[in-house]
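Novice: My questions all concern the structure below.
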Amino acid sequence: MTPTDHKPRKRKSNLDDTLKKKSRKRKKKVIAAIDPNAPPKPKRITGLNKPLLLSPELSSIMNGERELSRPEIVKHLWYYIKSNQLQDPADRRFILCDNNLKLIFHKDRVNSFGMNRDLSAHLTKKEVAPIEQPIALEDYVDAADIMTTEDTSLKWNTY
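If you count by the working numbering, then the sequence shown holds residues 120 to 278, one letter each, in order.
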């Protein structure tokens, strides 16, 4: 066979590639041994789970609680709505407000999806303790004790 006599390459079609795809090997999940006697992990207090201060009107519906996180507030509110059957039977997306809910929402009928937006007027962030200011060097050392270049008899080398 001479260098000019070569066989033409067969082109692969896209159909051949799709039919002959190799399946990937899946890694097996390692199941960690769970200690039944271990104490439960504490909930992380992140932005959504931070406790907020409630207004007196909202606090009356929340069984007198003064601080709750936003998910807990919504959970208590839905419990109140369901137990008092305040969902609109014609359109269950809406909540019919009784006297307590009218103090919060200021409407007779509230959309359940906009409920969180209306709740924000009754929630305030908990104040964080102020960070201490850094202490200045003068608080620890007398100004007379600090050595300056004029005080020394050494000659400073300048390069």
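A virtual CB, placed ideally from N, CA and C, is assigned to each residue, including glycine.
Nearest to T165 by CA position, among N182, S188 and S178, is which residue?
Specialist: For T165, the nearest C-alpha among the options comes from S188.
Novice: Assign F224 to buried or exposed, taking buried as 16 or more other Cβ atoms, counted over all protein chains shown, within 10 Å of its Cβ.
Specialist: Classification of F224: buried, given that the 10 Å Cβ count is 16 or more.
Novice: Please give me, in chain order, every unbroken run of the alpha helix (DSSP H) with length at least 4 that falls completely inside the stretch 205-239.
Specialist: The qualifying runs are 218-224 and 234-238.
Novice: Please state the DSSP three-state secondary structure of E186.
Specialist: E186 falls in the strand class under three-state DSSP.
Novice: Would the beta-carbon of E176 fall within 8 Å of that of L215?
Specialist: Taking 8 Å as the Cβ cut-off, E176 and L215 do not qualify as a contacting pair.
Novice: Taking 7 Å as the cut-off, is the C-beta of Y199 nearer than that to any heavy atom in the ligand NAD?
Specialist: Among the components modelled here there is no ligand, and therefore nothing to report on the ligand NAD.
Novice: Measuring straight from C-alpha to C-alpha, what distance separates P155 and P161?
Specialist: So the alpha carbons of these two residues sit roughly 16 Å apart.
Novice: Per DSSP, what are the beta-bridge partners of T243 in this structure?
Specialist: Beta-bridge pairing links T243 to L172.
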